[in-house]
DNA sequence: TTAATATAGGATTTATATATCTGTTAATAA
DNA sequence: TTATTAACAGATATATAAATCCTATATTAA
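Protein chains in written order, with our numbering: chain U, 942 to 1104; chain D, 942 to 1104.
Here it is as structure tokens:
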């Protein structure tokens, strides 16, 4: 096993990127999103609940309810989702698993790995959902065109502006 | 959960780094190593067996048996251990978990992450155990001085040259 | 040759993450 | 006001990794 983010985190990122493609204030149900992204609905529900706790998304119960982003695109970064789902462990723990890995007692790759870790953190922090939106649109489109007919996709999009 | 390498891989790296500190051809039992590194013996045994399959270590059964490195320090790199234990998945799978993440259908962080991934691979590949040996010695020393008395440590080292 | 030792290999147990199920609560369209 | 919808919350089930256990086999010191 070699994981970087947990499954929860991956799916959270996917769901948030999905929402970022559409208008703010447009609510999508967990069922909706799970179908689009082809991921288990029940599991996604839990994940969206966690994201709601961190106010990365907001939820609305009942008819015409669902989830939408909790803040403007320009105020959400990938690192926010990662921290919400997996915490900051990945940026603190020794990559070799040594217990007392510090500046005083560094592991053999301490310094090099530190730089890499900083780069990772920066990469997840520097852009907001707004800056990567074009890429997100392309990706969500491509998933659609793989999973379902292009017409269904077109319909969905025509009912929700995305530019 | 946020893992980069599996526990197996972490412990494998630790064990190999441990062996790299001592003379070639010096055999350490799994029990020995597990005590030094404070890691479960049975688990470590399995790990060492896997490493033996990949000839990163060689084993000797019976009295005065144990494990030692299977090649000169200058011919073992951290990436060898990582590949042996966890494979190359980490360098291939989409970090966001998207199924069809390719150059044609890239995820929103495809390019940036690719660079990071390459850097990681390079970092694990560029040095051999020989080049990082001084650092390994320091680290193993520090574990020792934490876990056991300095005298025990001194004894162990005096009976095995490490320079 | 024998007793002691240490790896080898399979089976089993434990822990954790992932996934599902069930009933409840809140919201809203009709 | 009511039926319907969808999130919410807790319990349960499944999958996988991590850790342990047990027996067999090989090696060697005595």
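All C-beta atoms in this analysis are idealised placements derived from N, C-alpha and C, irrespective of residue type, glycine included.
**Asked** If residue 1069 (chain D) sits next to residue 1015 (chain D), beta carbons under 8 Å apart, how far is it from one beta carbon to the other, in whole angstroms?
**Response** The beta-carbon separation of residue 1069 (chain D) and residue 1015 (chain D), rounded to 5 Å, stays under the 8 Å limit for a contact.
**Message:** With three or more beta-carbon pairs closer than 8 Å as the criterion, would you say the segment 1064-1078 of chain U touches the segment 945-964 of chain U?
**Reply:** Yes, since at least three Cβ pairs between the segment 1064-1078 of chain U and the segment 945-964 of chain U fall closer than 8 Å, the two stretches touch.
**Asked** Which residue comes first and which comes last in the beta strand (DSSP E) that contains residue 1010 (chain D)?
**Response** 1007-1010
**Whole-angstrom distance between residue 989 (chain D) and residue 1050 (chain U), CA atom to CA atom** = Rounded to the nearest angstrom, the two C-alpha atoms are 21 Å apart.
**Prompt:** Is it the case that the Cβ atoms of residue 971 (chain D) and residue 992 (chain D) are separated by a distance below 8 Å?
**Reply:** no
**Request:** Ignore the nearest five residues each way along the sequence and tell me which others in residue 1035 (chain D)'s own chain have a CB closer than 7 Å to its CB.
**Result:** 1042 and 1048
**Prompt:** Do residue 1039 (chain U) and residue 979 (chain D) have their C-beta atoms closer together than 8 Å?
**Reply:** no
**Request:** Tell me whether the beta-carbon of residue 950 (chain U) lies closer than 8 Å to the beta-carbon of residue 1017 (chain U).
**Result:** It is not a contact, given that the beta carbons lie outside the stated cut-off.
**Asked** Relative to the C-alpha of residue 987 (chain U), which residue among U:1008, U:1003, U:1062 and U:1033 is closest?
**Response** U:1008
**Item:** Bridge partner(s) assigned by DSSP for residue 1001 (chain D)
**Value:** D:1007
**Request:** Over the uninterrupted alpha helix (DSSP H) stretch that includes residue 1056 (chain U), give me the two end residues.
**Result:** 1051-1067
**CB of residue 1013 (chain D) within 8 Å of CB of residue 965 (chain D), strictly** = yes
**Request:** Please list, in chain order, all residues of the same chain as residue 947 (chain D) whose beta carbon is under 6 Å from its beta carbon, the five residues on each side excluded.
**Result:** 1027
**Message:** Using only CA atoms, which one of U:1031, U:953, U:962 and U:1005 lies nearest to residue 996 (chain U)?
**Reply:** U:953
**Message:** Taking 8 Å as the threshold (C-beta atoms), are residue 1083 (chain D) and residue 1046 (chain U) in contact?
**Reply:** In contact: residue 1046 (chain U) and residue 1083 (chain D) (Cβ atoms closer than 8 Å).
**Request:** Buried or exposed for residue 1066 (chain D), please, with buried defined as at least 16 other CB atoms from any protein chain shown within 10 angstroms of its CB.
**Result:** exposed
**Rounded straight-line distance, which links the Cα of residue 1029 (chain D) to that of residue 1055 (chain D)** = 14 Å
**Message:** I need the boundaries of the alpha helix (DSSP H) containing residue 946 (chain D), first residue and last residue.
**Reply:** Looking at the DSSP string, residue 946 (chain D) is not in any alpha helix (DSSP H), and its letter there is neither H nor E.
**Asked** alpha helix (DSSP H) containing residue 1106 (chain U): first to last residue?
**Response** As shown, chain U starts at 942 and ends at 1104. That puts residue 1106 (chain U) outside it, with no answer to give.
**Message:** Which residues in chain U have a C-beta closer than 7 Å to the C-beta of residue 958 (chain D)? List them in chain order.
**Reply:** Chain U residues near residue 958 (chain D): 1049.
**Prompt:** So what's residue 969 (chain U) in DSSP terms, helix, strand or just coil?
**Reply:** strand
**Message:** At the 8 Å Cβ level, is residue 955 (chain D) part of the contact set with chain U, yes or no?
**Reply:** yes
**Prompt:** Can you name the start and end residues of the alpha helix (DSSP H) that residue 1021 (chain D) belongs to?
**Reply:** 1019-1027
**Request:** Would you kindly work out how many angstroms separate the C-alpha atoms of residue 1011 (chain U) and residue 962 (chain D), rounded to a whole number?
**Result:** 53 Å
**Request:** Within the same chain, show all residues whose beta-carbon is closer than 6 Å to that of residue 1000 (chain U), passing over the 5 residues directly before and after it, in chain order.
**Result:** Closer than 6 Å at the Cβ level, and outside the excluded window around residue 1000 (chain U), lie 993 and 1008.
**Request:** Using a cut-off of 7 Å between C-beta atoms, extract the partners of residue 1061 (chain D) located in chain U.
**Result:** 1057
**Request:** For residue 901 (chain D), return the contacting residues in chain U, with the cut-off set at a CB-CB distance below 8 Å.
**Result:** Given a span of 942 to 1104 for chain D in the structure shown, any question on residue 901 (chain D) remains unanswerable.
**Asked** Can you tell which of U:1059, U:1031 and U:1063 has the C-alpha that lies nearest to the C-alpha of residue 1019 (chain U)?
**Response** The option with the nearest alpha carbon to residue 1019 (chain U) is U:1063.
**Prompt:** Does any CB atom of chain U fall closer than 8 Å to the CB of residue 963 (chain D)?
**Reply:** Residue 963 (chain D) does not count as touching chain U.
**Pair within 8 Å by beta-carbon distance, residue 1006 (chain U) and residue 968 (chain U)** = For residue 1006 (chain U) and residue 968 (chain U), yes; Cβs fall inside 8 Å.
**Request:** Pick out whichever of U:1071, U:1037 and U:1032 has its Cα sitting closest to the Cα of residue 1060 (chain U).
**Result:** U:1032
**Item:** Separation of residue 945 (chain D) from residue 977 (chain U), as counted between CA atoms
**Value:** 29 Å
**Request:** To the nearest angstrom, report how far apart residue 1044 (chain U) and residue 1071 (chain D) are at their CA atoms.
**Result:** 22 Å
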